[in-house]
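Quick note: the sequence shown uses our numbering, first residue 6, plus one each step. Just so you know, even glycine gets a beta-carbon here, dropped at the ideal spot from N, CA and C. A quick note: this is a predicted structure, and the numbers were derived from the prediction, not measured. Everything below concerns the one structure shown next.
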Amino acid sequence: MSEVEQGTLTPVVVQHAITGQVLMLAYTNAELLERTAREGRVWFWSRSRGGPWLKGATSGNYLNVQSITMDCDQDAVLVEVTPEGPACHTGKTSCFHRPVMGSASPGILLKLGGVIESRVMKKPEGSYTAALAGKGPEAILRKVSEEAFEVVLAAKEEGAPGLVWEVADLWYHCMVLLSVLGYKAEDVLEELARRAKRDEQG
Numbered sequence: 006m007s008e009v010e011q012g013t014l015t016p017v018v019v020q021h022a023i024t025g026q027v028l029m030l031a032y033t034n035a036e037l038l039e040r041t042a043r044e045g046r047v048w049f050w051s052r053s054r055g056g057p058w059l060k061g062a063t064s065g066n067y068l069n070v071q072s073i074t075m076d077c078d079q080d081a082v083l084v085e086v087t088p089e090g091p092a093c094h095t096g097k098t099s100c101f102h103r104p105v106m107g108s109a110s111p112g113i114l115l116k117l118g119g120v121i122e123s124r125v126m127k128k129p130e131g132s133y134t135a136a137l138a139g140k141g142p143e144a145i146l147r148k149v150s151e152e153a154f155e156v157v158l159a160a161k162e163e164g165a166p167g168l169v170w171e172v173a174d175l176w177y178h179c180m181v182l183l184s185v186l187g188y189k190a191e192d193v194l195e196e197l198a199r200r201a202k203r204d205e206q207g
């Protein structure tokens, strides 16, 4: 990693290698970037601590390196990782969870998945998600079947606006089912990413 000058701090963008979600921004130097490449786990320079920082050393939320790429000006680094747990110290999947403007990226599915998981676990009064989850998998499966049928009807009769609405309903109820059965939105996104990579290669 000789492109990174000794003694200088270089920004590092950390991205999920499967979902493409940006997880965090931190800083590194030449020595720590070499160490990251050698050990396969991300090392940063902590400006607050004034020293090297192995991400996950305290929390267990390590970032396992899949690739390291320099930008065109060789003054920033992109590290693709598979994370062991959340990247943010707040417990969020990504440090970028404070919206300034809306986004239709996969991040919105991850955000929705997090809300659904919270409703399923905490069971707040008045929550449709919590009430549905409380009825168990069989009731949710019936709702998924109903929503899938409505998608078919919308595609045949209503056209695009109605179809989009019904597909959103179907996705939502599928995500409730996933949560109740112990899965996460990330699991589906990772599977889709694997299929996309396979199609690109094939």
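Query                                                                                                                                                               : Result
CB-CB under 6 Å to V172, same chain, minus the five flanking residues each way: which ones, in chain order?                                                         : V156
Looking only at its own chain, which residues have a Cβ that is under 6 Å from the Cβ of D204, when we skip the five neighbours before and after it?                : none
I145 lies in the beta strand (DSSP E); which residues open and close that run?                                                                                      : No beta strand (DSSP E) contains I145, which is instead part of the alpha helix (DSSP H) from P142 to L158.
Counting Cβ pairs closer than 8 Å, one from the stretch 14 to 28 and one from the stretch 183 to 196, do we hit at least three?                                     : yes
Going by beta carbon distance, what residues of the same chain come within less than 8 Å of E89, once the five residues before and after it are set aside?          : G61, G65, N66, Y67, L68 and N69
Under three-state DSSP, which class holds E89?                                                                                                                      : coil
So, under 8 Å CB-CB, M75 and V86 are touching, yes? Tell me the CB distance rounded to an integer number of Å.                                                      : 16 Å between Cβ atoms; not a contact.
Please report how far the alpha carbon of L38 lies from the alpha carbon of E122, in whole angstroms.                                                               : 36 Å
Is the distance from the Cβ of M180 to the Cβ of G96 below 9 Å?                                                                                                     : no
Measure the alpha-carbon distance for S7 versus E195 and round it to whole angstroms.                                                                               : Any reading at S7 must be qualified, since the residue scores a pLDDT of 45, below 50, and its modelled position is unreliable; the value itself is stated next. The alpha-carbon atoms of S7 and E195 are separated by roughly 33 Å.
Just to confirm my understanding: we take L59, look at its own chain, exclude 5 residues before and 5 after, and list those with CB closer than 6 Å. What are they? : W48
Which partner residues does V70 have in the DSSP bridge list?                                                                                                       : V86
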